[in-house]
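Residue numbering for the sequence shown is -19 to -1, 1 to 529, as defined by mature numbering (1 follows the signal peptide of the UniProt record, and there is no 0).
A virtual CB, placed ideally from N, CA and C, is assigned to each residue, including glycine.
Here's the structure we're looking at; comments come further down.
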Amino acid sequence: MWWGSLLLLLLLAAAVAAAAEPASTLTGPSRPVTVALREDRGHAVDLPDTDPRVQRRATGWAPEQIAVALSAAPTSAWVSWITGEFQMGGTVKPLDPGTVGSVVRYGLAADSLVRQASGDALVYSQLYPFEGLQNYTSGIIHHVRLQGLEPATKYYYQCGDPALPGAMSAVHAFRTMPAVGPRSYPGRIAVVGDLGLTYNTTSTVDHMASNRPDLVLLVGDVCYANMYLTNGTGADCYSCAFGKSTPIHETYQPRWDYWGRYMEAVTSGTPMMVVEGNHEIEEQIGNKTFAAYRSRFAFPSTESGSFSPFYYSFDAGGIHFLMLGAYADYGRSGEQYRWLEKDLAKVDRSVTPWLVAGWHAPWYTTYKAHYREVECMRVAMEELLYSHGLDIAFTGHVHAYERSNRVFNYTLDPCGAVHISVGDGGNREKMATTHADEPGHCPDPRPKPNAFIGGFCASNFTSGPAAGRFCWDRQPDYSAYRESSFGHGILEVKNETHALWRWHRNQDHYGSAGDEIYIVREPHRCLHKHNSSRPAHGRSNTTRESGG
């Protein structure tokens, strides 16, 4: 009798385990899911400058806003920090970058920092040629590259200037990425977008930190300094509040410093890789743009051969990452596209089986906000990335979460990439809640001039379920899951073929997931046997559809 009871218990346990196991792309596309809008979405109000977490705690020339970034290979890394105070006013005088040195002492133990590296320093300004507007000049920004590092190794470091009293930081530590190869992977990779610096941002970052990531990808829209006037007055919608009353789109640059101070607890110990978003454009005198973005972050641009802060690549274990510029020229005759062709041609999928990309504006959003906004980028680049077997694309921009089925050219395709939009980091702009396929909410398909996104290429679909229309009349088949909640994602690559993706909502308990799936590569199906970097262009039986 007891054998029967034991067998029943074992069967029940097996059933529970099977039910708890995440779904897999290997079983084919999943049915589209839309999670109903929840009212409890968090407190998206900016932290004020009186919050202790954003105030300057460093004194004299002591470093602050310390951050680690990766180089192109795991044998190298960047350490960045700021010394001195920023200035705001009608007239500002930049600090001399040569006033204080750029030195990192590092080693394998906190009490044995036996190696030393030096780097470069710079200062940037945000200037407005209009009466009454406040100008800004930064503290001294330092970038030092550490070379000759061992992969998968914890390094302790101090940064600053050892020649000046009180000008060295406390000891911090970070771990290098695993050696490049098909059997080693970072434990957890956090992916966030559109963070901002709100009370909800703090929830996102707290949840993310609790997952103990080895690497953070920030896919654009960092601190939202451009939601403010230069006098520090902010709004949830800049164009609504100030658009008709200011001669130029102003910014309040101290928000960058606030963000760097708040994030230091994460960035000083966990490498973070950033790519630009539209909120980093920040126009100023002489039509200059992206000054803060270019200056504050270290990028492996030289190491990866792009020589641009807007797009670059790097390896982490068996993953080759592409960070692409949605606000840089992506046309097929442009520098970014030519660099991408060369970079992809060098990828050996027997060494780095996974190909993962990140950029800001999504190609496959079904929300009304930013719907098909960067169709020109998709038209220019999707075929190239598909032909090299892109596995996953991470984006932001739309302030909600959405994951696609494997898709290429708006059609289900077993060899297409999984597109995941995580623009739900917590910024002060409103959450995206309306879908383009809802009755009466399909956006106007007429071109919308924008100097930074290369025109407007979207038009009515010419085939498939949405033929003759600009939008579907239901959630598209390629959209697997969508939800309007703040959160972040964690990617765990298990081996050459399997990766677990989990999306964590801020309102949930720490560790629980709102969406999870195994993303499974099928190289035998999608890559040529005689060329490890070219897919066989597998097709599903779904009718292919295209725009215009």
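Residue i - containing alpha helix (DSSP H), residue span
i, result
"Gln317", "Glu316 to Ala326"
"Ser220", "Tyr219 to Phe223"
"Met69", "Unbroken run through Met69 is the beta strand (DSSP E), Gln68 to Gly70; no alpha helix (DSSP H)."
"Thr283", "Element bounds for Thr283: n/a, residue is neither H nor E."
"His188", "Tyr180 to Ser191"
"Ser368", "Glu356 to Ser368"
"Arg506", "Pro504 to Cys507"
"Thr248", "Pro235 to Thr248"
"Ala272", "Ala272 to Arg277"
Span of the beta strand (DSSP E) around residue i
i, result
"Met253", "Met253 to Val255"
"Arg486", "His479 to Arg486"
"Ser331", "No beta strand (DSSP E) holds Ser331; DSSP gives it neither H nor E."
"Ser301", "Inspection of the sequence shows that residue 301 is occupied by His rather than by Ser. Taken as a continuous stretch (DSSP letters only), the beta strand (DSSP E) holding His301 covers Ile300 to Met304."
"Ser61", "Ala58 to Thr64"
"Glu473", "Gly468 to Val474"
"Glu264", "Unbroken run through Glu264: none, as it is neither H nor E."
"Cys140", "Lys135 to Gly141"
"Thr40", "Careful: Thr40 lies outside any beta strand (DSSP E) and carries neither H nor E."
"Thr376", "Ile373 to Thr376"
"Val172", "Ile170 to Val173"
"Phe295", "Tyr293 to Ala297"
"Val197", "Leu196 to Leu199"
Contact under 9 Å by Cβ, residue i with residue j
i, j, result
"Phe295", "Phe302", "yes"
"Gly174", "Gly406", "yes"
"Val474", "Pro167", "yes"
"Ala342", "Ala413", "no"
"Tyr105", "Ala309", "no"
"Val197", "Ala171", "yes"
"Ala148", "Ala43", "yes"
"Gly470", "Val403", "yes"
"Arg450", "Glu464", "no"
"Phe384", "Ala480", "Looking at the sequence itself, residue 384 is Arg, so the reference to Phe does not match. No, the pair does not count as a contact, with Cβ atoms beyond the cut-off."
"Asp420", "Asp454", "The sequence given here has Pro at residue 420, not Asp. Result yes, Cβ atoms of Pro420 and Asp454 sit closer than 9 Å."
"Ala439", "Tyr293", "no"
"Val256", "Trp320", "no"
"Gly468", "Val16", "no"
"Leu127", "Ser83", "no"
"Val200", "Gly377", "yes"
"Ala206", "Trp237", "yes"
"Gln265", "Tyr459", "no"
"Phe375", "Ala326", "no"
"Arg37", "Arg275", "no"
"Val85", "Gly100", "yes"
"Tyr491", "His188", "yes"
Supposed contact pair residue j and residue i - C-beta distance, whole angstroms, cut 8 Å
i, j, result
"Pro13", "Pro457", "7 Å"
"Pro228", "Met158", "At roughly 46 Å, the Cβ-Cβ gap does not stay under 8 Å, so Pro228 and Met158 are not in contact."
"Ser466", "Arg19", "6 Å"
"Asp202", "Asn408", "7 Å"
"Arg193", "Arg169", "7 Å"
"Pro426", "Asn441", "7 Å"
"Met254", "Ala50", "6 Å"
"residue 534", "Thr6", "The shown model of the chain, from -19 to 529, leaves out residue 534, and the question about it has no answer."
Sequence-distant residues of its chain with Cβ nearer than 8 Å to residue i (five each side left out)
i, result
"Leu(-9)", "In this prediction, Leu(-9) has a pLDDT of 48, which is less than 50 and means its spatial position is unreliable; nothing more can be read from the coordinates."
"Asp418", "Thr347, Cys452, Trp453, Asp454, Arg455, Gln456 and Pro457"
"residue 530", "Within the shown structure, residues of the chain are numbered from -19 to 529, placing residue 530 beyond reach of any answer."
"Asn212", "Gln115 and Tyr233"
"Ala517", "For Ala517, the predicted model reports a pLDDT of 43, less than 50, meaning its position is unreliable; a value from the coordinates is still stated below. Cβ neighbours of Ala517 beyond the five flanking positions: Cys396, Arg506, Cys507, Leu508 and His509."
"Lys74", "Gln68 and Thr118"
Cut-off 6 Å between Cβ atoms - residues of its own chain near residue i, not counting five sequence neighbours on either side
i, result
"Trp240", "Leu178 and Cys204"
"Leu(-14)", "Confidence in Leu(-14) is poor, its pLDDT being 47 and thus under 50, which makes the residue's placement too unreliable to answer from."
"Ile498", "Pro3, Ala4 and Trp482"
"Ala246", "none"
"Tyr219", "Met208"
"Ser61", "Ala48, His124 and Ala279"
"Glu284", "Ser52 and Ala53"
"Cys357", "Gly435, Gly436 and Cys438"
"Gly65", "Leu76, Gly120 and Ile121"
Residues near residue i in its chain [Cβ-Cβ closer than 7 Å; skip 5 each side]
i, result
"Pro163", "Gly299, Ser331, Val332, Pro334 and Glu477"
"Val355", "Ala307, Ala342, Trp344 and Ile434"
"Val379", "Pro343, Thr346, Tyr348, Ala350, His351, Ser402, Gly404 and Ala413"
"Ala(-5)", "In this prediction, Ala(-5) scores a pLDDT of 41, lower than 50, which makes its location untrustworthy; the coordinate-derived value is nonetheless stated afterwards. Closer than 7 Å at the Cβ level, and outside the excluded window around Ala(-5), lies no residue."
"Ala91", "Tyr137 and Val152"
Identity of the residues DSSP links to residue i by a beta bridge
i, result
"Leu51", "Ala58"
"Asn116", "Gly70"
"Ser5", "Tyr499"
"Ser93", "Ala90"
"Tyr382", "Val403 and Glu464"
"His153", "Tyr138"
"Ile122", "Ile63 and Leu103"
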